[in-house]
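Residues are numbered in the numbering used here as their position in the sequence shown, beginning at 1, plus a constant of 7. The C-beta atom is built at its ideal place from N, Cα and C for all residues, glycine as well. This one's a predicted model, so the numbers in the text were calculated from it and none came from an experiment. The structure appears right after this line, and notes come after that.
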Amino acid sequence: MAIEKIIDNNEDNHDESKKIEKNDVEDVSSDLRPKILNEYVGQINIVTSLKTAIQASEARNEAMDHVLFHGPPGLGKTTLAHVIAKEKNSNLVVTSGPSLEKPADIVGLLSNLGEGDVLFIDEIHRISKGVEEYFYSAMEDFKVDFITGSGTFAKTLTFPLKRFTLVGATTRVGMLSSPLRDRFGLTYHLDFYSEDELTEIVNRSSGILGVSIEQDSSKEIAIRSRGTPRIANRLLRRVRDYHQVNHKEKKLDRIIASNAMELEGVDIQGLDRLDRQYLITLSNNYKGGPAGIEALAATLNEESQTLVDVVEPYLLKIGFIIRTPSGRKMTLDGLRYLGEESRKLSEEGSQGSMF
Ligand code: ADP
8 MAIEKIIDNN EDNHDESKKI EKNDVEDVSS DLRPKILNEY VGQINIVTSL KTAIQASEAR
68 NEAMDHVLFH GPPGLGKTTL AHVIAKEKNS NLVVTSGPSL EKPADIVGLL SNLGEGDVLF
128 IDEIHRISKG VEEYFYSAME DFKVDFITGS GTFAKTLTFP LKRFTLVGAT TRVGMLSSPL
188 RDRFGLTYHL DFYSEDELTE IVNRSSGILG VSIEQDSSKE IAIRSRGTPR IANRLLRRVR
248 DYHQVNHKEK KLDRIIASNA MELEGVDIQG LDRLDRQYLI TLSNNYKGGP AGIEALAATL
308 NEESQTLVDV VEPYLLKIGF IIRTPSGRKM TLDGLRYLGE ESRKLSEEGS QGSMF
């Protein structure tokens with residue numbers, strides 16, 4: 008079924024049948040999610056614009072315009088969908104593009120939405136074309152036309168909908184068709200976070216998790232988090248484990264944090280094994296490029312989607328690779344990084360490889 012989870016933020020609404028909870032792999036991190044806009048760190052322009060849109064719609068007693076968030080994974084798109092519902096005191100219905108398969112699912116999903124409800128669709132670029140068309144009239148005119156039967160027996164049933172807010176999230180905005188994209192009144196691109204913002208996120212998360220951490224260590228985690236809050240929270244948990252098991256009696260200082268992250272294979276640039284494998288493959292197997300993404304994926308034995316969504320955005324941001332019409336290419340900075348890494352390894356007399 009299409010609906011994964013419905014969270015009831017409206018305390019007056021006690022309709023238990025609407026609360027569907029599913030085992031959520033992000034359960035632990037959901038405690039770390041900011042609940043309201045004032046707790047949300049960074050992305051100042053987006054937060055300011057959302058505050059205005061929420062206040063204006065509250066003043067008019069209306070549902071907010073549909074919102075589209077795009078950007079790499081782990082930057083806070085889902086969190087913002089939760090925040091919007093919380094700030095609007097509305098119910099949140101969560102689903103994802105690939106789970107919306109049949110038109111009947113869509114009609115059921117949309118016609119169950121209440122006035123002002125927030126419908127969050129993650130990976131919205133993955134909804135099928137046939138299903139997507141149902142959203143056009145739903146988003147614009149708050150109705151769905153459902154065709155039953157075929158040929159001369161075909162009949163169109165029109166279902167009126169309550170005024171809801173669709174919040175879409177995608178890592179691939181380019182894959183969204185323009186009719187769908189154009190129906191979002193508010194579109195935001197989430198960018199990587201600065202070191203200071205990530206330090207603030209690590210401090211906030213360590214407070215919630217009850218980890219006593221020195222400021223230098225928070226900063227060290229921030230530096231190695233690839234501009235991404237989800238990674239910052241994950242590294243914080245690994246650092247906490249390492250400290251608890253190996254150095255419980257000491258303060259969690261920068262050295263302990265660095266050692267824990269080195270053990271995880273995360274270097275000072277925040278690059279992990281897959282990032283390094285990618286750079287080494289591009290440099291050695293393809294002489295620095297240009298190389299096509301499918302060729303790289305095959306050599307690395309990885310999904311090309313993982314490379315495009317997870318690995319490349321940060322390597323592009325720090326200027327280690329570039330995309331050209333003929334494929335991916337290493338930059339001088341990328342080559343310098345690899346040279347530096349292999350020099351370090353030979354100085355340490357390491358027998359291992361950079362993998
Ligand atoms: P996305 O949907 O973009 O993949 P999420 O919204 O799931 O990312 O965010 C991943 C995790 O990072 C969340 O669980 C949350 O704890 C944390 N996070 C994201 N953005 C922020 C932020 N601005 N401030 C604090 N924590 C954040």
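Taking the CB atoms as reference points, tell me whether residue i and residue j lie closer together than 8 Å.
i           : j           : result
residue 346 : residue 327 : no
residue 99  : residue 142 : no
residue 101 : residue 47  : no
residue 255 : residue 297 : no
residue 168 : residue 120 : yes
residue 264 : residue 246 : yes
residue 72  : residue 192 : yes
residue 133 : residue 110 : no
residue 382 : residue 170 : Since the first residue of the chain shown is 8 and the last is 362, residue 382 is not available in this structure.
residue 164 : residue 149 : no
residue 79  : residue 316 : yes
residue 176 : residue 84  : yes
residue 314 : residue 285 : yes
residue 172 : residue 162 : no
Could you please give me the residues that DSSP links to residue i through a beta bridge?
i           : result
residue 298 : 335
residue 77  : 177, 196
residue 167 : 150
residue 220 : 259
residue 116 : Partner(s): none; residue 116 has no beta bridge.
residue 172 : 125
residue 155 : 162
residue 329 : 336
In whole angstroms, what separates the C-alpha of residue i from that of residue j?
i           : j           : result
residue 229 : residue 307 : 28 Å
residue 144 : residue 190 : 10 Å
residue 113 : residue 208 : 37 Å
residue 323 : residue 353 : 27 Å
residue 68  : residue 131 : 27 Å
residue 320 : residue 198 : 10 Å
residue 329 : residue 194 : 26 Å
residue 147 : residue 127 : 17 Å
residue 240 : residue 212 : 7 Å
residue 77  : residue 159 : 43 Å
residue 318 : residue 115 : 37 Å
residue 92  : residue 57  : 12 Å
residue 178 : residue 311 : 14 Å
residue 181 : residue 52  : 22 Å
residue 216 : residue 39  : 8 Å
residue 268 : residue 242 : 7 Å
Alpha carbons only, please: which of the options is nearest the one belonging to residue i?
i           : options            : result
residue 232 : 291, 81, 68        : 81
residue 224 : 275, 301, 292, 166 : 275
residue 75  : 63, 129, 239, 153  : 129
residue 218 : 248, 226, 201      : 248
residue 294 : 355, 262, 312, 339 : 339
residue 258 : 312, 118, 266, 221 : 221
residue 333 : 299, 95, 92, 178   : 299
residue 125 : 161, 178, 70       : 70
residue 118 : 93, 166, 157       : 166
residue 63  : 95, 45, 88         : 95
residue 238 : 277, 262, 269, 250 : 277
residue 108 : 302, 86, 139       : 139
residue 183 : 215, 136, 45       : 136
*Segments of 3+ residues assigned as beta strand (DSSP E) that fall wholly inside the region 43 to 114*: 74 to 77, 99 to 103
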